[in-house]
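What follows is a set of notes on a single structure, which appears directly below.
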DNA sequence: AAGAGACCCTGGATGC
DNA sequence: TGCATCCAGGGTCTCT
């Protein structure tokens, strides 16, 4: 499941392979991958363009084209990006291919078909709801405290809401809550200023570390060169149900919050 | 308005 | 062994 660190890692590896390379043709292998505009227009607008810069907001990848439009892509659950020779046979799950002028293909593969591509004049059309980047100055204790005020939903659910803070998914929400020693079912508005401070620090620390370890590979996530991330070796609670808490030895608990599996230490997190 | 739940998808794991 | 069912979860939509 690509979250902020995985998306950034993929984008960084992709950048030197696609930058300034003319896209001479586009193959849409599954039409549902195109969100907007309609497929024929999408292909026409992408053809003969090149990516002049890349950026990331939350879990969205942003590719600026030489005509000023933006290609926005979201990998959702199982999306993968590779740049490989165009002679390689397509994989069963390849959904979208940009054929580059240098004889290589920039391919988007996505087993579960949740990933989407958007081609827009202004990225705000797609990402206007996103909250601040967790590593930016905008994501302050004051900001989070204000966002959580009077909220009754579990803090775990609120961390997954991209309008509060962008880029956190199920893995890093659980890991951050453990590091902050906060129970996932705590109502958002019940957190004290000190607790919000711990949470901001924990989120930033876990995202920083996951970035430096190139993300977390549990099953599907791969870097564009096919290699895995490393942060799965640093997980303290996620998918460690029944294993001893690294801090106190209590078996890690698993509950379901907002339909998402949630892992925590019932003794350490309050 | 906020919160809960359905839905979209596939394939690996599990159960009988 | 083979088939059916469950589960994974990001984002959007609907309903209350």
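In our numbering, the protein residues as written are 59 to 328.
Beta carbons are placed, not taken as given, at the ideal position from N, Cα and C, and that holds for glycine.
Under 7 Å Cβ to Cβ from residue i, same chain only, skipping five residues before and after it: list those, please.
i           : result
residue 207 : 247
residue 92  : 86, 100, 175
residue 128 : 120, 121, 122, 178, 181
residue 144 : 157, 161, 162, 163
residue 105 : 81, 83, 84
residue 125 : 107
residue 90  : 171
residue 290 : 274, 275, 276
Please identify the residue among the options whose C-alpha is closest to the C-alpha of residue i.
i           : options            : result
residue 241 : 320, 224, 255      : 320
residue 112 : 165, 104, 76       : 76
residue 215 : 270, 178, 244      : 244
residue 262 : 224, 306, 297, 118 : 224
residue 254 : 59, 213, 73, 189   : 213
residue 234 : 189, 295, 287      : 295
residue 256 : 287, 313, 328      : 328
residue 152 : 302, 167, 146, 138 : 167
residue 118 : 102, 135, 103      : 135
residue 110 : 133, 102, 78       : 78
residue 205 : 195, 219, 194      : 219
residue 59  : 287, 72, 150, 200  : 287
residue 197 : 289, 258, 314, 132 : 258
residue 64  : 98, 94, 114        : 114
residue 203 : 315, 131, 251      : 251
residue 138 : 169, 309, 313      : 169
Assign residue i to one of two classes, buried (16 or more other C-beta atoms within 10 Å of its C-beta) or exposed (fewer than that).
i           : result
residue 175 : buried
residue 67  : buried
residue 266 : exposed
residue 157 : buried
residue 303 : buried
residue 74  : exposed
residue 184 : buried
residue 192 : buried
residue 190 : buried
residue 116 : buried
residue 165 : buried
residue 279 : buried
residue 317 : exposed
residue 102 : exposed
residue 274 : buried
How close, in whole Å, do the beta carbons of residue i and residue j come, if the pair is a contact with beta carbons under 8 Å?
i           : j           : result
residue 237 : residue 264 : 6 Å
residue 221 : residue 171 : At roughly 25 Å, the Cβ-Cβ gap does not stay under 8 Å, so residue 221 and residue 171 are not in contact.
residue 326 : residue 239 : 6 Å
residue 96  : residue 229 : That belief does not hold up - the Cβ atoms of residue 96 and residue 229 are roughly 35 Å apart, past 8 Å.
residue 285 : residue 271 : Not really, about 12 Å apart at Cβ, beyond 8 Å.
residue 72  : residue 130 : Not quite, the Cβ-Cβ distance comes to about 14 Å (not below 8 Å), so this is no contact.
Skipping 5 residues on each side, what residues in its chain have a beta carbon closer than 6 Å to that of residue i?
i           : result
residue 85  : 155
residue 217 : 226, 231
For residue i, name the three-state secondary structure that DSSP assigns.
i           : result
residue 67  : helix
residue 255 : helix
residue 295 : coil
residue 279 : coil
residue 201 : helix
residue 175 : strand
residue 312 : strand
residue 193 : coil
residue 88  : coil
With a threshold of 8 Å on Cβ separation, who are the neighbours of residue i within its own chain once the five nearest residues in sequence on each side are excluded?
i           : result
residue 311 : 299, 321, 322, 323, 324
residue 306 : 323, 325, 326
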